[in-house]
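Q: Anchor point for the sequence shown: position 47 equals 47 in full-length UniProt numbering, and the numbering is continuous, going up by one each time. Pasting in a structure now, in structure tokens, and then I'll have a few things to ask.
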Amino acid sequence: MASSDLTLRFISNLDHLNLYNFSGDSPNHDDSGFEIDHSKTSYQLLQLPDDLLSLVRSQLYQSPSSSSSSNNLSFGELRGRPDDEIVLTTSDKTLSLRSIQNSNSVMICASLKDDLSLNVLKIVNETILLEEITYFPGDRLDDIRKILTKNHSYSGETDVSSTNKRLKITNRDKDSSGSISFSQLSDQVRASDLEILNYLNQQFVVRLDGGLRILSQDYVSELVEGCLATIEELSIDLEDEFELGSVIEIVAERLRLKHSVVVQVLNRFLINRLDSLSISKQEPGANVDDDYGYQNFRTRLDLRLILRLIGLSILRNLKPIKTIVNNDQKIFKSIQSISIKEFIENLRSRTFSSSIDQDRQESIFKKNFDLKEYESSSRLENFRMIYIQIENLSTEPKQRISQLFEIRTKFRIEEFKRFLRPLVGNHTGKCDDKLFSKRFDELMLKYCRKINCKLCSNKQITLLTSRNKW
Numbered sequence: 001m002a003s004s005d006l007t008l009r010f011i012s013n014l015d016h017l018n019l020y021n022f023s024g025d026s027p028n029h030d031d032s033g034f035e036i037d038h039s040k041t042s043y044q045l046l047q048l049p050d051d052l053l054s055l056v057r058s059q060l061y062q063s064p065s066s067s068s069s070s071n072n073l074s075f076g077e078l079r080g081r082p083d084d085e086i087v088l089t090t091s092d093k094t095l096s097l098r099s100i101q102n103s104n105s106v107m108i109c110a111s112l113k114d115d116l117s118l119n120v121l122k123i124v125n126e127t128i129l130l131e132e133i134t135y136f137p138g139d140r141l142d143d144i145r146k147i148l149t150k151n152h153s154y155s156g157e158t159d160v161s162s163t164n165k166r167l168k169i170t171n172r173d174k175d176s177s178g179s180i181s182f183s184q185l186s187d188q189v190r191a192s193d194l195e196i197l198n199y200l201n202q203q204f205v206v207r208l209d210g211g212l213r214i215l216s217q218d219y220v221s222e223l224v225e226g227c228l229a230t231i232e233e234l235s236i237d238l239e240d241e242f243e244l245g246s247v248i249e250i251v252a253e254r255l256r257l258k259h260s261v262v263v264q265v266l267n268r269f270l271i272n273r274l275d276s277l278s279i280s281k282q283e284p285g286a287n288v289d290d291d292y293g294y295q296n297f298r299t300r301l302d303l304r305l306i307l308r309l310i311g312l313s314i315l316r317n318l319k320p321i322k323t324i325v326n327n328d329q330k331i332f333k334s335i336q337s338i339s340i341k342e343f344i345e346n347l348r349s350r351t352f353s354s355s356i357d358q359d360r361q362e363s364i365f366k367k368n369f370d371l372k373e374y375e376s377s378s379r380l381e382n383f384r385m386i387y388i389q390i391e392n393l394s395t396e397p398k399q400r401i402s403q404l405f406e407i408r409t410k411f412r413i414e415e416f417k418r419f420l421r422p423l424v425g426n427h428t429g430k431c432d433d434k435l436f437s438k439r440f441d442e443l444m445l446k447y448c449r450k451i452n453c454k455l456c457s458n459k460q461i462t463l464l465t466s467r468n469k470w
């Protein structure tokens, strides 16, 4: 259980003489002047890994004044909500704390005078084990999305007019949920600041009204498609350089949106980006509308990212269809599926306006959307895409693997890694390759087996299938 009252203290070798009332002249008050009830005082010894220990020592012995003024350590924080298992975090690491009782421990103290009247102290031999879990986030980082989506999103649910509800954000938006600061968010999430920042910059989160707000992916897709239409109306080729400020002005005015939201969203889909708009843990000193250098900024669209965004929007809104699981007529699974040909047609129609020449559309599309695997028209006709929403899968590896094999009986190894990396790597993919490979191989040996298959082109590939009948 988490507790905000826990404090980490470094205890010197002879501090036990002062912590407990061994003699009449021993201090009976702490540094704050409050009376100490020694019968209710308890301490736990924390054995730190070498890298954390060196960090602690560097702070303890930084200067005589700093070590004497306060015995509290600022090298890390204990984070978590009341119902969570707390974690210890540094700026870039997260460590779990597990308590175990050990009957083979002793406490060694310095010798005392024989004439001291001592009370018997009850010692519980309990050890706290620290284990780094930075690269094994499980559902810790998903808490960020849940917190923001529940109370700090532009969902449009509180807007009165249907227009405001459709557009999600307007200049008059008075959404009662408000923004949340980075410090408020980090207090509730069991992760280091670096993990939280990496996760936020992977999501559609904007800075607004001095805090953070999350946008739905469908809304972002609608906004970006509006920017595409504006650029085309200005007779600018989608691959050409353009002035960002003029596009922002038109889109914000046409859709009645805040300039700050438009520029932050569109910045994610530019080849040359404005670094000042990335999420940081420092609270913004000024509104993004004031001056972030975008008015005369010239850049180009990253069409690969835009096609990916619109494509995911198409897949996310597919109507689920019931499919038989593992040839069992009694078990059905709702699957979001679409033929590759239909998907490509929808993607092109939402990306390009009818005013763009068909040959030009084809040229841009082929440059930015890889179709090598589906070059033959027959494969486009016959093959279907299955969309799996990773946030709907279990965060427990065994259960997630089971869910995946219910949807499809065979997977390519690289496909499978994408679904397991958030569990044995992290959401941004920044994980030690050896660490990830080791953990991934362990799961593969335990739950999967490899089989060799031939493609239509007679090329042989290795696929993963289930080792067990779930």
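Backbone N, C-alpha and C fix where the C-beta goes; we use that ideal spot for every residue, glycine too.
Determine the DSSP secondary structure at Phe153, reduced to helix, strand or coil.
A: Correcting the residue identity first, residue 153 is Ser in this sequence and not Phe. Three-state DSSP puts Ser153 in a strand.
Q: What does the alpha-carbon distance come out to for the pair Gln358 and Ala191?
A: In a straight line, the C-alpha of Gln358 is about 49 Å away from that of Ala191.
Q: Are the stretch 194-203 and the stretch 247-258 in contact at 8 Å, needing three or more beta carbon pairs?
A: In short, these stretches do not touch, since the Cβ pair count stays below three.
Q: Could you spell out the range, first to last residue, of the beta strand (DSSP E) harbouring Val206?
A: 205-208 is the span of the beta strand (DSSP E), which, as asked, contains Val206.
Q: Please determine, among Leu266, Arg316, Phe440, Leu312, the residue with the shortest C-alpha to C-alpha distance to Asp302.
A: When only C-alpha atoms are compared, the closest one is Leu266.
Q: Check Asp25 in the structure and name its three-state DSSP category.
A: At Asp25 the pLDDT is 42, less than 50, meaning the model places this residue with poor confidence; the figure from the coordinates comes in the next sentence. Coil, per DSSP.
Q: So the alpha helix (DSSP H) Thr465 belongs to, where does it begin and stop?
A: Segment 460-466 is the beta strand (DSSP E) holding Thr465; no alpha helix (DSSP H) there.
Q: When DSSP labels each residue in this structure, what does Gly211 get in the three-state scheme?
A: Three-state result, Gly211: strand.
Q: Taking the alpha-carbon positions, what's the Val262 to Arg268 distance?
A: Looking at the two C-alpha atoms, the distance is approximately 10 Å.
Q: So Leu318 and Gln336 are supposed to be a Cβ contact under 8 Å. How far apart are they, rounded?
A: The pair is a contact, with the Cβ atoms about 4 Å apart (cut-off 8 Å).
Q: Going by DSSP, name the residue or residues bridged to Gln336.
A: For Gln336, which the question treats as bridged, DSSP gives the partners Tyr387.
Q: Name the two residues that bound the continuous alpha helix (DSSP H) containing Arg421.
A: It spans 413-424 - the alpha helix (DSSP H) in which Arg421 sits, taken as one unbroken run.
Q: How far does the beta strand (DSSP E) with Thr89 in it extend, from its first residue to its last?
A: That run of the beta strand (DSSP E) goes 87-89.
Q: Work out the CA separation of Ile271 and Glu442 for me, nearest whole Å.
A: Going from the Cα of Glu442 to the Cα of Ile271 covers about 38 Å.
Q: For Ala229, I'd like the list of residues in its chain whose CB is within less than 7 Å of its CB, leaving aside the five on either flank, ordered along the chain.
A: These residues qualify, in order along the chain: Ser353.
Q: Kindly list the residues whose CB is nearer than 8 Å to the CB of Arg254, restricted to its own chain and excluding five residues on each side of it in sequence; keep chain order.
A: Counting only Cβ-Cβ distances below 8 Å, and skipping sequence neighbours, we find Gly226, Thr230.
Q: DSSP on Asn198, reduced to helix/strand/coil?
A: Residue state, collapsed to three classes: helix.
Q: Using the rule of at least 16 other Cβ atoms within 10 Å of the residue's Cβ for burial, across every protein chain shown, is Ser313 buried or exposed?
A: Classification for Ser313: buried.
Q: Quick check on the burial criterion: 16 or more other C-beta atoms within 10 angstroms. Buried or exposed for Phe182?
A: Per the 10 Å Cβ criterion, buried.
Q: Check for me: the alpha helix (DSSP H) holding Glu362 runs from which residue to which?
A: First-last of the alpha helix (DSSP H) with Glu362: 358-368.
Q: Counting C-beta neighbours from all protein chains within 10 Å, is the total for Lys459 16 or more, i.e. buried, or is it exposed?
A: Result: exposed.
Q: Using the DSSP secondary-structure output, state which residues sit across from Ile451 in a beta bridge.
A: Note: Ile451 sits in a beta bridge opposite Leu463.
Q: Would the beta-carbon of Ser179 fall within 8 Å of that of Asp209?
A: Contact: yes.
Q: By how many angstroms is the C-alpha of Leu445 removed from the C-alpha of Glu132?
A: Each residue's alpha carbon lies about 24 Å from the other.
Q: Under 7 Å Cβ to Cβ from His149, same chain only, skipping five residues before and after it: list those, please.
A: In the sequence as presented, His is not what sits at residue 149; that position holds Thr. For Thr149, where only same-chain residues beyond five positions count, the Cβ hits under 7 Å are Ile214.
Q: Is Glu239 helix, strand or coil when you go by DSSP?
A: In this structure, Glu239 counts as coil in the three-state DSSP scheme.
Q: So, using beta-carbon positions, are Glu241 and Asn296 closer together than 8 Å?
A: No; because the gap between Cβ atoms is not below 8 Å, this pair is not in contact.
Q: Take the Cβ of Ser349 as the centre, count every other Cβ of all protein chains shown within 10 Å, and call the residue buried at 16 or more, exposed below.
A: By the neighbour-count rule (16 or more Cβ atoms within 10 Å), Ser349 is not buried but exposed.
Q: Suppose you measure from the CA of Leu315 to the CA of Ser216; what does that come to, to the nearest Å?
A: C-alpha separation (whole angstroms): 15 Å.
Q: Between the Cα of Asn368 and those of Ile86, Val189, Leu347, spot the shortest distance and give me the residue it belongs to.
A: The shortest C-alpha separation from Asn368 is found at Leu347.
Q: With a threshold of 7 Å on Cβ separation, who are the neighbours of Leu141 within its own chain once the five nearest residues in sequence on each side are excluded?
A: Correct list, in chain order: Ala191, Glu195, Tyr199, His427.
Q: Ordered along the chain, which non-local residues of its own chain (more than five positions away) have a Cβ less than 8 Å from that of Arg400?
A: Here the set comprises Leu393, Ser394, Phe419, Leu420, Leu423.
Q: So, are the CB atoms of Arg304 and Gln188 less than 8 Å apart?
A: No; because the gap between Cβ atoms is not below 8 Å, this pair is not in contact.
Q: Just verifying my parser: in three-state terms, what is the DSSP assignment at Glu342?
A: Helix at Glu342.
Q: Between which residues of its own chain and Phe343 is the CB-CB distance below 8 Å, once the five residues before and five after are set aside?
A: Closer than 8 Å at the Cβ level, and outside the excluded window around Phe343, lie Gly311, Ile314, Leu315, Met385.
Q: So is Phe405 buried or exposed if we call it buried at 16+ other beta carbons inside 10 Å?
A: Result: buried.
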